[in-house]
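Asker: Below is the structure I would like to discuss, written out as structure tokens.
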Amino acid sequence: MARGLAVLVAAMLIASAGLSFLGWPGRTYRDTDFVQFYAGATALREGASPYDLVWWAAFYDRIGS
Numbered sequence: 119m120a121r122g123l124a125v126l127v128a129a130m131l132i133a134s135a136g137l138s139f140l141g142w143p144g145r146t147y148r149d150t151d152f153v154q155f156y157a158g159a160t161a162l163r164e165g166a167s168p169y170d171l172v173w174w175a176a177f178y179d180r181i182g183s
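Written as structure tokens, this is what we have:
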């Protein structure tokens, strides 16, 4: 039983790593309303103002949205 659980957990970790390497599900959010929340948090993390329109436009160019 423990061995089967370990195999299941390992398979889930490998699947998660593979999907994140391919960019799923993050790439699906680039062209939706979610990207504004990601942009605002990224601006704060980078020390920029989330109200700076120049930074905002550059961010959209950077992520390809």
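Under our numbering, the first residue of the sequence shown carries the number 119, and numbering increases by one thereafter.
We treat Cβ as the ideally placed atom computed from N, Cα and C, and that holds for glycine.
Where does Phe139 land, buried or exposed, given buried means 16+ other C-beta within 10 angstroms?
Answerer: Exposed, by the Cβ-count rule.
Asker: Using the Cα positions of Ala120 and Ala128, report the straight-line distance between them to the nearest angstrom.
Answerer: Straight-line Cα distance between these residues: approximately 12 Å.
Asker: Return the chain-ordered ranges of every alpha helix (DSSP H) run that is complete within the stretch 132-173 and spans a minimum of 4 residues.
Answerer: Segments of the alpha helix (DSSP H) lying fully in the stretch 132-173: 153-163.
Asker: Where Val172 and Gly136 are concerned, what is the direct C-alpha to C-alpha distance, given to the nearest angstrom?
Answerer: Rounded to the nearest angstrom, the two C-alpha atoms are 35 Å apart.
Asker: Run through DSSP, which three-state label would Met130 get?
Answerer: Here Met130 sits in helix by DSSP.
Asker: Taking all protein chains shown into account, do 16 or more other C-beta atoms lie within 10 angstroms of the C-beta of Phe152, making it buried, or fewer, making it exposed?
Answerer: It is exposed - the Cβ of Phe152 has fewer than 16 other Cβ atoms within 10 Å.
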